[in-house]
Structures are given as C-alpha cells and as structure tokens.
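Mapping of the sequence shown onto the UniProt record's numbering: residues 1 to 321, in sequence order. For each residue, glycine too, the CB sits at the ideal point set by N, CA and C. Before any comments, here is the structure.
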Amino acid sequence: MFDRRSFLASLAALGSISPAWAQSVRRIIVGLPPGGATDAIARQVASNMRLPDGSSTIVENRAGAGGRIGVVAVKSAPADGATLLVSPASVLTIFPHVYTKVGYDPVRDLQPITTLCEVPYSISVGPVVPASVRTLKDFAAWGRSNKDKSFFGCPGEGTTPHFVGWMFGRAAGFDYRQVAYKGGGPAVLDVIGGQIASSINVISEVLQHAKAGKVRVLAVSSAQRLPQLPDVPTMTEAGFPTLEAAEWFGLFAPAGTPASVVAQLHQSVVEAIARPELGKFLADAGLFPKTTSPEGLAALLRNDLDRWGPVAKSTGFRIDE
C-alpha cells in the first residue's frame, strides 16, 4: 500500500513506467464465469482502456470457488501491472469471514486501484405474496403469518444477499429463511414462477422484470431512490436503515505493484469509466459508475471487512473449505 503523497507524485511521472510492464499485454482476471455482471464489467473496462504505449488488455476467466480462484491467481502473479483483478466486493469483504480456508488476505495481498461501479440490493416478491403486500413492513407481517412460505432466494450461501436477508428477518422479527441458488438470476425466475415467495438480488438482476410487472420490488438498499424505479423506497425509508448496502466492483493489482504503474492504471481506468459508451452500458445494466482513488478503495475495503465480520459471526455461518 502506498500513501497519498507517493500516489500524487506518481501522477506527475506517468512516463516513467518500466519497459517490461509497458510492452506486456495486460490480463484482467475474473474469478467468475463468462456472461455474468463481473465478466461484462471487466470486458467493457478492458476494451475502453487507453494506455500510452497502445498495448491491449484481455480478460481471462478463472472461474471457481465463487470467485476465490481468481483472487488467488492475481495475488500470486508478478507485481508488475500486467495481471489485474476485477472482483465484486463480497468475494473480498465477506468470504474471508465465511470460509475457513479462503486462501487470501485482501488487505495484505492486493493493491487497490479504483472502484468501477456499484449496484444496490433489492427485496422483491412475486405471485406467492398477495398484491396487498406493498411495503417491507407489510411483508414482515405476512411472513410472520405464513411461516411455511417466508423464504427468500439468494445467489449462494455466504453471499451479501444471504446476510442482508438474515439482517432483515432479525430486524423485522420473523424467521426469514434463505434458499441458496447458483446465481441471482435463477432465484428471480423462481419468484416469477411462484416457486418461492421472494428474493434478494442486486437490482440489475430484477430491473427489467420489475419494469415488466413480473416482480414487485419492495425496497432498495441504496442511500437514495433509483431513477429507474422512482416509486420504490429505500430500506431506510421503509424503516430498516441497517440494510443500506451496495455491491461494488473493484480493480486490483498484486500487492507490491509500483506506485507509478498503479497511477497509470488508475488514470486509464477512470478515463474509461467516464466515456459515454461505457456509462450507457452500465446504466442500461442497472449499474452505477463509481471511481475512487487507490486510497479510497483501500478504505472502502477495510470498512466493509469490518462491517460484515460481526454480521457473519452473529449468524454462526461458516464453510469449512
């Protein structure tokens, strides 16, 4: 990790990148399969990056273990800026509290570069839940009276939606039980099909279904209402301020990457995120562009690790692998 002074000094000397780094083809490692949000974000960033040497950036999927394999691959790579990681927050901020053998320390093993975008979570219901249920408090009351139906789908055990659901059930005073799916998309489809009452997802997974009237979004976890769903309240407005949260996606290099290289990558990616075509892609997908300094991402990483640790411990949920 380097401090703000060295980062600013590096910006003034962007031309002093080592020839070995400048001549290499950069790889962005994604620890999840092609076709998902993380993969799509990484590919958009790779195609929009512009570096002074004109070199290209490719995306390589190292899928497995919920994203952990990708993190381990980057932490083990040479710290020369040629191998990067795009990862959702949960892989770095929740998994270390859940898996007994996670295989990495995100603070020690990675060098933050910038966040790329973020997306809030939502609690959505389908035809299992009566149309009269319009708010989270309505839903909690319904859940207390329908214990055999008060389940929510989430994209896997130990994910942020899993813990958001646990927090909601605890705050609302009912037994809100999770059903783990292999991804958020299948959970939403089961809500639409009436196989399960509700699901907790990133909003990008339900946005089009909500606009089509196939699901009812009861609340979103962002600080403000979303322009795409202006009538849907935030969790705070709905009476559950502790549920305010977002899944962010960040760009990282191996720990020990030179400050001048980090500065060059940071500038290139921030410029890419600001391009209208990339902004439109993110907006259409229900994602919100957000960039930070390396120090800002480091602070966000530490804060979220501190936030989710006690939550994971309170649930008693652990995975022995």
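Using a 10 Å radius around the Cβ and a threshold of 16 neighbouring Cβ atoms, would you call residue i buried or exposed?
i	result
R177	exposed
D320	exposed
G158	buried
D39	buried
D284	exposed
P96	buried
Leaving out five residues on either side along the sequence, give the residues of the same chain with a beta carbon under 8 Å from the beta carbon of residue i.
i	result
P254	V74, K75, S76, A77, P78, A79, T83, D109, L110 and Q111
E244	S221, S222, A223, T234, M235 and T236
A238	T135, L136, K137, L218 and A219
R50	S268, E271 and A272
V188	S124, G153, S199, N201, E205, V206, H209 and V215
Looking only at its own chain, which residues have a Cβ that is under 6 Å from the Cβ of residue i, when we skip the five neighbours before and after it?
i	result
I29	E60, R62, G70, A73, V74 and L85
By how many angstroms is the C-alpha of residue j removed from the C-alpha of residue i?
i	j	result
F174	R307	23 Å
T160	S90	6 Å
Q267	T57	15 Å
S124	K101	33 Å
G279	T93	26 Å
R318	P227	37 Å
N303	P289	20 Å
L251	K147	42 Å
P52	G64	34 Å
K313	A299	22 Å
Out of the options, point me to the one whose CA is closest to residue i's CA.
i	options	result
G54	L226, E244, I196 and R26	R26
G67	Y99, P241 and V45	Y99
W248	A219, G165 and P88	P88
W142	C117, L116 and G169	G169
G184	L282, G156 and G296	G156
A246	F152, S314, L287 and F151	L287
A274	F240, I196, G213 and N48	N48
If residue i sits next to residue j, beta carbons under 8 Å apart, how far is it from one beta carbon to the other, in whole angstroms?
i	j	result
P120	S221	4 Å
G31	L265	About 19 Å; that fails the 8 Å criterion.
I41	C117	6 Å
V128	K149	6 Å
T114	V270	6 Å
A180	C154	6 Å
I200	V215	The pair is not a contact, with the Cβ atoms about 12 Å apart (cut-off 8 Å).
Under 7 Å Cβ to Cβ from residue i, same chain only, skipping five residues before and after it: list those, please.
i	result
G217	At residue 217 the sequence reads Val, which differs from the Gly that was named. Cβ within range, chain order: S122, S124, V206, A210, L229 and V232.
M167	T242, L243 and V311
L301	L92, T93, P106, V107 and P112
P258	none
Y104	V71, V72 and K75
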